[in-house]
Each structure stands twice: as structure tokens, then as C-alpha cells.
Amino acid sequence: MRMAVISDIHGNLEALQAVLADIRATGADAVYCLGDVVGYGADPRACLDLVRAQCALTVRGNHEEALPPGDVQQGFFV
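Residue 1338 in my numbering sits at position 42 of the sequence shown; the count goes up by one each step and never skips.
Following this line, the structure appears as C-alpha cells:
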């Protein structure tokens, strides 16, 4: 099984889309995200939605820990 691991997206949708396209081109069977999907960048919600759709598992990073309660769906992170 080929796995890809991503992290520290920090709301950068353009970079996330490019990385996921590269991952698809390599034929990875699963993508795992090690957190920090939000923070700094202009598109945190779009990044969360894309990670939710594309990643088999997502770990909550310190930037997600700083979000107000209820801002991200319960059960999204491990």
C-alpha cells in the first residue's frame, strides 16, 4: 500500500490542491494529514473541506486546538 502524508497546510488552498494533484499522480492508495490545516492562509474552510474529502485520517494540530469549540465538526480529527 502506498501512503502519502501531508501536514502544515495552514489555509493555503492553492498549495494543498497542487500537492494533492501530485499525490494522485503518484498513485498513492491513501492520504493522511498530520494537522495544522488552518492558520495563516486565506482559505481555511476550503482547506478543511478538501482534507475532509481526500484524507483517510486527520490528526488535530495545534492550530486546530486553538479553534473555538464547535467550529470544526465533531469526529473530523483523531
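Just so it is clear, CB atoms sit at the ideal spot from N, CA and C, and this is done for glycine as well. Computed from a predicted model, the values in this text were never measured in an experiment.
Classification of residue i by the beta-carbon crowding that lies within 10 angstroms, buried from 16 upward
| i | result |
| --- | --- |
| residue 1332 | buried |
| residue 1357 | buried |
| residue 1323 | exposed |
| residue 1360 | buried |
Opposing strand residues paired with residue i [DSSP bridges]
| i | result |
| --- | --- |
| residue 1299 | 1326 |
| residue 1309 | DSSP, once it has assigned bridges, lists no residue as partnering residue 1309. |
Limits of the alpha helix (DSSP H) - the one that residue i falls within
| i | result |
| --- | --- |
| residue 1332 | From DSSP, residue 1332 is part of no alpha helix (DSSP H); its letter is neither H nor E. |
| residue 1341 | 1340 to 1350 |
| residue 1359 | 1358 to 1361 |
Alpha-carbon spacing of residue i relative to residue j, whole angstroms
| i | j | result |
| --- | --- | --- |
| residue 1344 | residue 1334 | 7 Å |
| residue 1317 | residue 1346 | 12 Å |
| residue 1307 | residue 1327 | 18 Å |
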